[in-house]
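Inspection log for the structure reproduced underneath, given as structure tokens.
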Amino acid sequence: MRIRLIALFSLMLSVPAGACTLWGAAGMAAGGGTLLAKNRDWRPDHVQSIRLIHPKRGASYVGLFADNGIAPGLKAGVNEYGLSVVSASASSLARQYWDSPDVHGAMLLILREDHSIDDVVVKATQRFSHSSPMFLLISDHQKLLEVEVGKDGRYTLQKQKEGVLAHTNHYLSDELAACNQKIGKSSRVRLERIRTMLAGGPYSLSDFAAYSQDQQAGPDLSLWRSGKVHTLSSWQIATPVAGPAQLSVRMANPEQAIVQKQWLLDDSFWQGPARVLLPESSE
0 MRIRLIALFS LMLSVPAGAC TLWGAAGMAA GGGTLLAKNR DWRPDHVQSI RLIHPKRGAS
60 YVGLFADNGI APGLKAGVNE YGLSVVSASA SSLARQYWDS PDVHGAMLLI LREDHSIDDV
120 VVKATQRFSH SSPMFLLISD HQKLLEVEVG KDGRYTLQKQ KEGVLAHTNH YLSDELAACN
180 QKIGKSSRVR LERIRTMLAG GPYSLSDFAA YSQDQQAGPD LSLWRSGKVH TLSSWQIATP
240 VAGPAQLSVR MANPEQAIVQ KQWLLDDSFW QGPARVLLPE SSE
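If you use numbering that gives the first Met the number 0, the sequence shown corresponds to residues 0 to 282, in order.
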């Protein structure tokens, strides 16, 4: 038994767990406003929840949280101003650089303190020059922002008012390409696949939800994965130029039935009590 446990632990350490896919559309490509999506890939060693949070200070927000496992915490979110942020690990770097406790600290600050992408850009130096390496894709009512954070406080920003953006787990910008120590096959294949799917447009929330379930490249290389690493959730949000955002989540907690649910994030939603939205209570 001890030998089997050691072998299993060694296998878990050898599998690069942080392997998410991020994509978005803005302007005419989104039918006006923006669309943002994330497929969250990780070891199936924990459960997740969707929660509405009313912090003592700052904006209310909805977050996708890993509730236990080896890397708990916030993984995606949207605040009451329609600013949404999703993250992916910079696993093309050695793990010592990207798998650190403060990797998502910037996400929480963005959700609690910022109203728009313009706010994020103004505060970029104070946020990202002290952050662990990571990738963020951010949307508001009118545009997208891609953030690549490398080593030694270096970062890049790319704004998009029209068209699409996509990211997986390696650096794409010329400025930070040297940070790529080893680009995994999965990261390359997933990026090529989502870019292919985003070659047309305009897109809708239902289109993004359908793309999130794509299994064209098999269990280990597809957007929705079921091999060594599992896709545990997908997050898609549509934010119009004016009016409330609509959030759609597909959650695949281990040993639980897959659930899909949507919420209209209007005033009555934000005025409701802090609560767990998924998994729903049986009481």
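Backbone N, C-alpha and C define an ideal beta-carbon position, used for all residues, glycine too.
Boundaries of the beta strand (DSSP E) around residue 23: 20-25. As the crow flies, the alpha-carbon of residue 111 is around 7 Å from that of residue 78. The segment 66-144 is shown to contain whole alpha helix (DSSP H) runs of 4 or more residues at 94-97, 104-112, 116-121 and 123-127, in chain order. Beta-bridge analysis with DSSP links residue 229 to 41 and 225. Straight-line spacing of the CA atoms in residue 225 and residue 156 works out to 32 Å.
Nearest Cα to residue 183 within the set 167, 194 and 176: 167. When secondary structure is reduced to three states using DSSP, residue 56 falls in the coil class, being assigned neither helix nor strand.
By the CB criterion at 8 Å, residue 38 and residue 223 fall inside the cutoff. Apart from sequence neighbours up to five positions away, the residues of its chain that approach residue 203 with a beta-carbon distance below 8 Å are 30, 34 and 237, ordered along the chain. For the pair residue 86 and residue 135, the CB atoms are nearer than the 8 Å cut-off. A buried status is given to residue 133, since no fewer than 16 other beta-carbon atoms sit within 10 Å of its beta-carbon. Each of 265, 91, 229 and 58 was checked against the Cα of residue 180, and the nearest Cα belongs to 91.
In this structure, the beta-carbon distance from residue 51 to residue 271 falls below 8 Å. Between the alpha carbons of residue 62 and residue 47 lies a distance of about 10 Å. Put simply, the backbone Cα of residue 247 is about 21 Å away from that of residue 194. Per DSSP, residue 163 lies in no alpha helix (DSSP H) segment; the continuous beta strand (DSSP E) that holds it begins and ends at 162-166. Along the segment 179-254, the alpha helix (DSSP H) occurs as fully enclosed runs of 4 or more residues at 184-196 and 204-211, listed in sequence order. Using a 10 angstroms sphere on the CB of residue 147, the tally of other CB atoms reaches 16 or more, which defines it as buried. Counting the other CB atoms within 10 Å of its CB gives residue 228 a total of 16 or more, which places it among the buried residues.
With contacts defined by Cβ atoms closer than 8 Å, residue 211 and residue 36 form a contacting pair. The shortest C-alpha to C-alpha distance from residue 121 to any of 140, 104 and 144 is the one to 144. A distance of 8 Å or more separates the beta carbons of residue 187 and residue 20.
Bridge partners of residue 269 according to DSSP: none are assigned. Distance check between residue 124 and each of 242, 158 and 153 places 153 closest, using alpha-carbon atoms only.
Going by DSSP, residue 274 is part of the beta strand (DSSP E) stretching over 274-277. When the five nearest sequence neighbours on each side are left out, the beta carbons in the same chain lying within less than 7 Å of the beta carbon of residue 119 are those of 109, 113, 137 and 144, in order along the chain.
Inclusion of residue 161 and residue 26 in the CB contact set at 8 Å is warranted, their separation being smaller than that value.
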